[in-house]
Amino acid sequence: MTADDNGPLYLGFDLSTQQLKAIVVGSNLKTVGQAHVDFDADFGAAYNITKGVHVRPATGEVYAPVALWLESLDLVLARLSDALSPVPLSRVRGVSGSGQQHGSVYWNADAERRLAALDPARPLAQQLDRALAHEWSPNWQDQSTQDECDRFDAELGGREQLAQVTGSGAHHRFTGPQIMRLRRVHPDVYANTSRISLVSSWLASVLLGRIAPLDVGDVCGMNLWDMANQRWSPELLALAAGQDGAEGLRAKLGDPCMDGGESLGTISPYFAARYGFSPGCQILPFTGDNPATILALPLRPLDAIVSLGTSTTFLMNTPAYKPDGAYHFFNHPTTRGHYMFMLCYKNGGLSRERVRDALPKPEPGGTGWETFNQAVVDTPPLDIHGRDDRAKMGLYFDLRETVPNIRAGTWRFTCSAADGSDLREADSAWSKATDARLIVESQALSMRLRSQKLVHSPRDQLPAQPRRIYLVGGGSLNPAIAQTLGSVLGGADGVYKLDVGGSACALGGAYKAVWALERGSGETFDDLLAGRWQEDGAIEKVDVGYREGTYEQYGNVLGAFEEMEQRLLAEEKQ
Ligand code: XUL
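As structure tokens, then:
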């Protein structure tokens, strides 16, 4: 811990599915201290949750108890105060952070009064449970809104039109369909709701002591926000609100704050009295966890982040708005006129593990990936060994995928290596070792296909591709995966492992607070960060990225890869 000066500190939270994290940094972006609460470990028995949530398999509902988050906020601040000691929380000048996207919290008419009158002698959960119209928050893993999604996709004339207007096609987890279902299933809850927060703005509200506006980035995860006009879509509000009326829903949602760096006000006296925050400490807008992740480093347009966890996420900061029903555009959380592009795959780490587990087990004591990795590096790109070989491609989905919406299954195809023509389903399965390379290639080809319209030549007449690719998540530790991603996706300046500690999004939140309160006139987030960020220790180059010849070889089959997906989609429609 470095606390050798008396400069201001900035606090970032992340309220994720399984944890609440808090991290404190100085103006130089260096971490001073952190703490976390693990929902299952700390409160699992009391709330009867698993991995932070309740699941109701019969309906596909997934939801989290809001009181658990209130208890966790008190606990994480007590832990943070200990972790920072002797540095007092009174040095924290600004607080921001993130929340799991799409989740919503329903406040009752008593909420503002209760938020404003918190007694520092009593825990939050005892006081604010009665400020809620609904004790549960629908979670992003919820699958219960198929009917509502069909209505959303149809409302503006089709899924692509919905994506054009809101940045995304309808998704089960998006808040508009969730609100529409909640109104249908729990009309009394909807009627008793005076305000609706997203998880991010909910946490900001508790810290602020009044209901905070939704955030410029996170508001785009609802299928309700009209991106072109930067306003609520009247048609979609009317759809979600039904006979209760669009105006009523609009009032419940409020107007979002369109400047990610605007102070919402000072911290609630509860936190000043109970934890020693300065009464002047500012609360800044909280955003979604994915938008906050792109704030954990100076992510320039043409740079991409690939998060390799249970699922795979691909994020870019881009000035281009080119929506499609299979992916997402959000307002950039700090930079007006920029967007966050996001691909969110369901099949990632688990599918790779399935392919790994079909191979002989490596010697014990290693990572468990040795056989898989050897197979990946020993297999040439697309399994083309000689001039006459056809290219091989596969799709390996353990779950129904969303990008694109193809059923679970494994498919193997071949095509001409020269130009992807003559695409055919393979006559028989190929070796399990070949599958190891092809599953990683397949995941990377899908990302390349969908991001190709957002990239251009980074320099020196190189083909269009990302400049840097940053890897995060468990899979980022695997050198064979990094090498394959670099071969397929390119990356003119290489592929880097980003190691910013446990929580990139909490850190992104803390950095957003630094920017909000220290930015010069007109200074963008990325400029401020680029001037202060120390790459050393935070990133490590793990692959060269662009390889002349190999990158083009994958380019030759990109059309065939798309055709393979199209054929499978068409089969399902029949
Ligand atoms: C993004 C999404 C998840 C959650 C995870 O659309 O649903 O990444 O934000 O917390």
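Note that the UniProt record's numbering gives residue 178 to position 178 of the sequence shown, counting from 1, and the numbers run on in steps of one.
A virtual CB, placed ideally from N, CA and C, is assigned to each residue, including glycine.
Since the model is a prediction, treat every value here as computed from it, not as a measurement.
Exposed or buried, S431, counting other C-beta atoms within 10 Å across all chains shown (16 or more means buried)?
Counting from 1 along the sequence shown, the entry for residue 431 is found at position 431. Classification for S431: exposed.
Assigned secondary structure, R181 (DSSP; H/G/I helix, E/B strand, else coil)
Sequence index remark: in the sequence shown, residue 181 carries index 181 (1-based). Here R181 sits in helix by DSSP.
Exposure of A482, with buried meaning 16 or more beta-carbon neighbours within 10 Å:
The sequence position of residue 482 within the sequence shown is 482, counting from 1. Classification for A482: buried.
Using a Cβ distance threshold of 8 Å, determine whether the stretch 125 to 135 contacts the stretch 143 to 150, with at least three qualifying pairs required.
no
Indicate the three-state DSSP secondary structure (helix, strand or coil) for P381 in the structure shown.
In the sequence shown, residue 381 corresponds to position 381, counting from 1. Looking at P381 - three-state DSSP - the assignment turns out to be helix.
May I ask you to report which of helix, strand or coil DSSP gives V66?
Taking the sequence shown and counting its residues from 1, the one referred to as residue 66 is at position 66. DSSP places V66 in helix when its eight states are reduced to three.
Under 7 Å, CB to nearest heavy atom of the ligand XUL: contacting residues:
S16, T17, Q100, Q101, H102, W140, R173, G221, G288, D289, N290, T313, H328, M342 and C344
Give the C-beta separation of S96 and P285 to the nearest angstrom, bearing in mind that I take them to be a contact with Cβ-Cβ under 8 Å.
The residue given as residue 96 occupies position 96 in the sequence shown. The residue given as residue 285 occupies position 285 in the sequence shown. Right, the Cβ-Cβ distance comes to about 7 Å (below 8 Å), so this counts as a contact.
Assuming W515 and G261 form a contact by the criterion Cβ under 8 Å, report the distance between their Cβ atoms to the nearest whole angstrom.
The residue you call residue 515 lines up with position 515 of the sequence shown. The residue you call residue 261 lines up with position 261 of the sequence shown. The pair is a contact, with the Cβ atoms about 6 Å apart (cut-off 8 Å).
Which runs of the beta strand (DSSP E), 3 residues or longer, sit entirely within the stretch 287 to 336?
304 to 308, 312 to 318 and 328 to 331
Reducing DSSP to helix, strand and coil, say where E370 ends up.
Here residue 370 corresponds to residue number 370 of the sequence shown, with the count starting at 1. E370 falls in the helix class under three-state DSSP.
Are the stretch 156 to 167 and the stretch 209 to 227 touching by the rule of at least three beta carbon pairs closer than 8 Å?
yes
Under 7 Å Cβ to Cβ from R407, same chain only, skipping five residues before and after it: list those, please.
Within the sequence shown, the letter at position 407 stands for residue 407. Excluding sequence neighbours, R407 sits near R400 and E572.
For L73 and L20, which I take to be in contact (beta-carbon distance under 8 Å), what is that distance rounded to the nearest angstrom?
For this step, residue 73 is matched to residue 73 along the sequence shown. For this step, residue 20 is matched to residue 20 along the sequence shown. Yes, L73 and L20 are in contact; Cβ-Cβ is about 7 Å, under 8 Å.
Paired residues, beta bridge with Q34 - DSSP:
In the sequence shown, counting from the first residue as 1, residue 34 sits at position 34. Q34 is bridged to I23.
Enumerate in chain order the residues of its own chain whose CB-to-CB distance from A191 is below 8 Å, with the five nearest sequence positions on each side excluded.
Counted from its first residue, the sequence shown places residue 191 at position 191. D244, listed in sequence order.
Got a sec? Which residues, its chain only, sit under 7 Å from E562 by beta carbon, not counting five neighbours each side?
In the sequence shown, the residue the question calls residue 562 occupies position 562. L449, listed in sequence order.
Check V455 in the structure and name its three-state DSSP category.
Counting from 1 along the sequence shown, the entry for residue 455 is found at position 455. The answer is coil: DSSP assigns V455 none of H, G, I, E or B.
Among D536, E160 and E518, nearest to S27 - alpha-carbon criterion:
To locate residue 27, count along the sequence shown from 1; it is residue 27. It is E518.
If we ignore side chains and look at the alpha-carbon of each, how far apart do A246 and Y546 end up?
Taking the first residue of the sequence shown as position 1, residue 246 is located at position 246. Taking the first residue of the sequence shown as position 1, residue 546 is located at position 546. Distance between the alpha carbons of A246 and Y546 is about 50 Å.
Three-state secondary structure (DSSP) of V500
Walking along the sequence shown from the start, residue 500 turns up at place 500. Reduced to three states, the DSSP call for V500 is coil.
Ignoring anything shorter than 3 residues, give me the beta strand (DSSP E) runs that lie fully in the stretch 121 to 152, in order along the chain.
136 to 138
Where does the unbroken alpha helix (DSSP H) through G12 begin, and where does it stop?
Within the sequence shown, numbered from 1, the residue matching residue 12 stands at position 12. First-last for G12: L9 to L15, but that is the beta strand (DSSP E), not the alpha helix (DSSP H).
Label Q141 either buried or exposed according to how many other C-beta atoms from any shown protein chain fall within 10 Å of its C-beta, with 16 as the threshold for buried.
Within the sequence shown, numbered from 1, the residue matching residue 141 stands at position 141. Buried.
Using the C-alpha atoms, what's the distance from A121 back to M316?
In the sequence shown, the residue the question calls residue 316 occupies position 316. In the sequence shown, the residue the question calls residue 121 occupies position 121. Their Cα atoms are separated by approximately 45 Å.
To the nearest angstrom, report how far apart T31 and G280 are at their CA atoms.
Numbered from its first residue, the sequence shown carries residue 31 at position 31. Numbered from its first residue, the sequence shown carries residue 280 at position 280. Using only the alpha carbons, I get a separation of about 22 Å.
Mind checking which residues open and close the alpha helix (DSSP H) that includes S200?
Stepping through the sequence shown from its first residue, residue 200 is reached at position 200. From DSSP, the alpha helix (DSSP H) with S200 extends over V199 to L208.
Please classify C281: does DSSP put it in a helix, a strand, or coil?
The residue labelled residue 281 in the question sits at position 281 within the sequence shown. Residue state, collapsed to three classes: coil.
Provide the residue span of the beta strand (DSSP E) that contains A391, from first to last.
In the sequence shown, the residue the question calls residue 391 occupies position 391. Run containing A391: A391 to F397, per the beta strand (DSSP E) assignment.
With a threshold of 6 Å on Cβ separation, who are the neighbours of T410 within its own chain once the five nearest residues in sequence on each side are excluded?
Here residue 410 refers to the residue found at position 410 when the sequence shown is read from its first residue. Within the same chain, T410 has close Cβ partners Y396.
For I439, three-class secondary structure by DSSP:
In the sequence shown, residue 439 corresponds to position 439, counting from 1. Helix, per DSSP.
What is the residue span of the alpha helix (DSSP H) that Y554 lies within?
Taking the first residue of the sequence shown as position 1, residue 554 is located at position 554. It spans T550 to K573 - the alpha helix (DSSP H) in which Y554 sits, taken as one unbroken run.
Reference G276; option with closest CA among P88, P234, L438 and G242:
Sequence index remark: in the sequence shown, residue 276 carries index 276 (1-based). Checking every option, the nearest Cα to that of G276 belongs to P88.
Rounded to whole angstroms, what is the Cα-Cα separation between S168 and D82?
The residue labelled residue 168 in the question sits at position 168 within the sequence shown. The residue labelled residue 82 in the question sits at position 82 within the sequence shown. For S168 and D82, the distance between alpha carbons rounds to 42 Å.
Environment of L299 [buried if 16+ CB atoms lie within 10 Å]
As a first step, residue 299 is located in the sequence shown; it is residue number 299 there, counting from the start. By the neighbour-count rule (16 or more Cβ atoms within 10 Å), L299 is buried.
For R412, which residues does DSSP report across the bridge?
What you label residue 412 is simply residue 412 of the sequence shown in a count that begins at 1. According to DSSP, R412 bridges with G394.
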